[in-house]
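Protein chains in written order, with this note's numbering: chain A, 3 to 221; chain B, 317 to 689.
Don't be surprised by glycine CBs; every beta carbon is placed ideally from N, CA and C.
The next block holds one structure in the form of structure tokens; read it before the comments.
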Amino acid sequence: MTRHYRRGDVFAIRDASLSIQAGEYLAITGPSGSGKTTLHCLASGLEHPTSGRVLFEGQTPKFPSGWTGLRARRIGIVFQSFHLIPGLTAAENVELPMFGVVRGEALRRKRVLSLLARVGLDQRARHRVSEMSGGECQRTAIARALANSPSVVFADEPTGNLDSCTAAGILALLETLNREEGVALVVITHDIQISERAPRIIRLLDGRIVCDEHQDRRP
Amino acid sequence: MKLIMLPIRNLRRHPLRSVLTAVGISAALASLLALVGFSRGLERNWVVSLEGKGTHILAFQKGSIDLLAAALDERLAARLAEVPGVTSVIPGLGDLIELDSGEMALLSGWPADSDFFTSMTITAGQRPAPGRTDGVVLGETLALLLEKRPGDRVDLNGHAFTVTAISKQASALDDRSVMMPLAVMQQLIGREGKVSGFHIRIDRPLDPARLADVKARLSAAHPEIAFAETGEIASNAHVTRLIRAISWSSSTIALVMAFVTVLNTLLMSVSERTHEIGLLSAIGWRPGRVLVTIVLEGFLMAAAGAALGVGLGLLGLRWIIVHPQMGGLIQPDVTPKLVWQAVGLALTVGSLAGVYPAWRATRLRPIALLRSE
Numbered sequence: 003m004t005r006h007y008r009r010g011d012v013f014a015i016r017d018a019s020l021s022i023q024a025g026e027y028l029a030i031t032g033p034s035g036s037g038k039t040t041l042h043c044l045a046s047g048l049e050h051p052t053s054g055r056v057l058f059e060g061q062t063p064k065f066p067s068g069w070t071g072l073r074a075r076r077i078g079i080v081f082q083s084f085h086l087i088p089g090l091t092a093a094e095n096v097e098l099p100m101f102g103v104v105r106g107e108a109l110r111r112k113r114v115l116s117l118l119a120r121v122g123l124d125q126r127a128r129h130r131v132s133e134m135s136g137g138e139c140q141r142t143a144i145a146r147a148l149a150n151s152p153s154v155v156f157a158d159e160p161t162g163n164l165d166s167c168t169a170a171g172i173l174a175l176l177e178t179l180n181r182e183e184g185v186a187l188v189v190i191t192h193d194i195q196i197s198e199r200a201p202r203i204i205r206l207l208d209g210r211i212v213c214d215e216h217q218d219r220r221p
Numbered sequence: 317m318k319l320i321m322l323p324i325r326n327l328r329r330h331p332l333r334s335v336l337t338a339v340g341i342s343a344a345l346a347s348l349l350a351l352v353g354f355s356r357g358l359e360r361n362w363v364v365s366l367e368g369k370g371t372h373i374l375a376f377q378k379g380s381i382d383l384l385a386a387a388l389d390e391r392l393a394a395r396l397a398e399v400p401g402v403t404s405v406i407p408g409l410g411d412l413i414e415l416d417s418g419e420m421a422l423l424s425g426w427p428a429d430s431d432f433f434t435s436m437t438i439t440a441g442q443r444p445a446p447g448r449t450d451g452v453v454l455g456e457t458l459a460l461l462l463e464k465r466p467g468d469r470v471d472l473n474g475h476a477f478t479v480t481a482i483s484k485q486a487s488a489l490d491d492r493s494v495m496m497p498l499a500v501m502q503q504l505i506g507r508e509g510k511v512s513g514f515h516i517r518i519d520r521p522l523d524p525a526r527l528a529d530v531k532a533r534l535s536a537a538h539p540e541i542a543f544a545e546t547g548e549i550a551s552n553a554h555v556t557r558l559i560r561a562i563s564w565s566s567s568t569i570a571l572v573m574a575f576v577t578v579l580n581t582l583l584m585s586v587s588e589r590t591h592e593i594g595l596l597s598a599i600g601w602r603p604g605r606v607l608v609t610i611v612l613e614g615f616l617m618a619a620a621g622a623a624l625g626v627g628l629g630l631l632g633l634r635w636i637i638v639h640p641q642m643g644g645l646i647q648p649d650v651t652p653k654l655v656w657q658a659v660g661l662a663l664t665v666g667s668l669a670g671v672y673p674a675w676r677a678t679r680l681r682p683i684a685l686l687r688s689e
């Protein structure tokens, strides 16, 4: 697939082709401006390729409606800046993706508490975003990404705003989810140390995939 | 969490802005209630007044906006009485005056021998004796307001009169009036031989066909005069139509301003929350759900404004009632139906104002959220 932006006449992604397997853990890495985020957006249906197509489980979902539905149920996204809604509590933020998917407030609440417990925040459910640390915010964002049991989670620079100690904890959490729950994990990062934790690394340069290597090691 | 909590939280994030927007809606709704209630009250009081007098058809000057200022020849009464079906014609003169105390009062004059005088309900004193030119009857409300009793003096247009009786009248308008013999009033206001209109009674008032027939005959015989049945006079008269038009147009302007206020608030809110809205799309919220939450914000502000507006509107009407210039002269007519209609209008305005910002929000692409990082 290719993604070209008319403004500035830029090829953000050029002739890229890759597949992600169920339960896989891979890192997409490259310098700033190499097209990492565009590739992530194309793969999660946030963006539409100028040419080529993106398939999900063998199907080509309609853009944008089909992809919206997939992001509700099958695709989780973790952002660098967490993007939690400030006026809401941790539990309410985690509950957001469940509207329209999980019927019944009681059922949603039960699932939210279970997810918060999974990321070690069961005691912080009623805390507002402003009352939580960066690490706790990112854990909340991870719980939100897992809200509807997705088959793949895209984590875009998930540790970019965290100190090294907290970052290690967040990565360990994501890797545990990948290992224990079989959720495919795609970490988008410019940090070589983080990317090298993944068994598969895709390197980008100027919008092209310059390397797709499998490493024989697991975290 | 219920979905409704999301717009509530959003509104609470900018409490002053949300409250001010709700106040804008409440002001619009309050003015609608007060103005329309006032205009309806005027019409209702008029109808009650005419029905209380047993008037079936009212004759008044064609094209006249201020019926009280109209000047028809008193002698027309005899010619109107000749029309088949007409059983009686009572000339009447009316005027609004300001009393020395600053209160507004309706001055009414009828022939001393007409049953408007002879059959009115007297609660204290006695009707002015035939031939007496300084005797007046006060409506009960006005008497209470002026603290007058039979035997007291009252100054009207610089002339001193004696209150001979207090009368309980059917309408608030008449209960706030000074009633006197027609000839005395004509002399008092300098309109000798002139009247504001004629109260016509017919032989079979309960028969609509007969009523229409007599009215048609009257119109044919006197094309220079307007004739209206009691039920239609208040709604068709120029003055009430004018007041009604002013009331509704003022209310519409207020509602449009409220609409623009909500629209502006929600556009600002959407603009500030580009990231959040992008996020909702990124986590799988369909555009319809995003639209509903933003429209709900407009609806909630309108609901708060409506609750406040009903209170303010009723307070405004209360102010009109106790105002010295208007007090008691017109009882505003605010029915639960009018309140619900006004609330419905406010909610519709609030919700509609949310549609465009919501639509704009659904056009935001989640990619903008990621690009901004």
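Using DSSP's beta-bridge definition, name the partner residues of residue i.
| i | result |
| --- | --- |
| B/M495 | B/S424 and B/V453 |
| B/Q377 | B/I541 |
| A/Y7 | A/V12 |
| A/D214 | A/I204 |
| A/V104 | Paired residues: none, contrary to the question. |
| A/L2 | For chain A, the structure presents residues 3 to 221; residue 2 of chain A sits outside this window and is missing. |
| B/V405 | B/I516 |
| B/D411 | B/L423 |
| A/Q61 | A/F58 |
| B/F432 | DSSP, once it has assigned bridges, lists no residue as partnering B/F432. |
| B/L472 | B/H475 |
| A/T91 | A/R130 |
| A/I172 | Beta-bridge pairing links A/I172 to no other residue. |
| B/S483 | B/I438 and B/G455 |
| A/V80 | A/A157 |
| B/V665 | B/V665 pairs with nothing; no bridge assigned. |
| B/V511 | B/L388 |
Can you check whether the C-beta of residue i is within less than 8 Å of a C-beta belonging to chain B?
| i | result |
| --- | --- |
| A/G37 | no |
| A/I196 | no |
| A/H129 | no |
| A/R146 | yes |
| A/F301 | As displayed, chain A neither begins before 3 nor continues past 221, which places residue 301 of chain A out of reach and without an answer. |
| A/C139 | no |
| A/G89 | yes |
| A/R220 | Low local confidence applies: a pLDDT of 49 at A/R220 is under 50, so the model's placement there is unreliable, and no value is given. |
| A/I79 | yes |
| A/R9 | no |
| A/H6 | no |
| A/L118 | no |
| A/A108 | no |
| A/T70 | yes |
| A/C43 | yes |
Verify the CB distance criterion: does residue i have a CB-CB separation below 8 Å to chain A?
| i | result |
| --- | --- |
| B/M317 | yes |
| B/R289 | Here chain B has residues from 317 to 689 only, and residue 289 of chain B is not among them. |
| B/R329 | yes |
| B/P648 | no |
| B/E705 | Residue coverage of chain B in this structure runs from 317 to 689, which leaves residue 705 of chain B outside it and unanswerable. |
| B/Q597 | What sits at residue 597 of chain B in the sequence shown is Ser, not Gln. At least one chain A Cβ lies under 8 Å of B/S597. |
| B/P682 | yes |
| B/S592 | With the sequence shown as reference, residue 592 of chain B is identified as Glu, and Ser is not the correct amino acid for it. Chain A contact via Cβ: present. |
| B/G600 | yes |
| B/R356 | no |
Between residue i and residue j, how many whole angstroms is the CB-CB distance? I'm expecting something under 8 Å.
| i | j | result |
| --- | --- | --- |
| B/A550 | B/W426 | Not a contact, Cβ separation roughly 20 Å. |
| A/Y27 | A/P201 | 6 Å |
| B/F376 | B/A528 | Wrong, their Cβ atoms sit about 18 Å apart, outside the cutoff. |
| B/E613 | B/L327 | 6 Å |
| B/V511 | B/L409 | 5 Å |
| A/L72 | A/P63 | 6 Å |
What span of residues does the alpha helix (DSSP H) with residue i cover, start to end?
| i | result |
| --- | --- |
| B/T568 | H554 to E588 |
| B/L345 | P331 to G368 |
| A/P99 | It is not in any alpha helix (DSSP H) - A/P99 carries neither H nor E in the DSSP assignment. |
| A/L123 | Counting along the chain, A/L123 falls outside any alpha helix (DSSP H), and DSSP gives it neither H nor E. |
| B/A387 | Per DSSP, B/A387 belongs to no alpha helix (DSSP H) and is neither H nor E. |
| B/A437 | Strictly speaking, residue 437 of chain B in this sequence is Thr, with Ala absent from that position. Taken as a continuous stretch (DSSP letters only), B/T437 belongs to no alpha helix (DSSP H), being part of the beta strand (DSSP E) at T437 to G441. |
| A/I144 | G136 to A147 |
| A/I196 | I194 to S197 |
| B/R681 | Note, B/R681: premise wrong, no alpha helix (DSSP H); not H, not E. |
| A/L72 | S67 to R75 |
Those runs of the beta strand (DSSP E) which lie wholly inside the segment 19-57 of chain A and span at least 3 residues: 27-31
List, from N- to C-terminal side, the alpha helix (DSSP H) runs of 4 residues or more that fit wholly inside the segment 592-663 of chain B. 603-638
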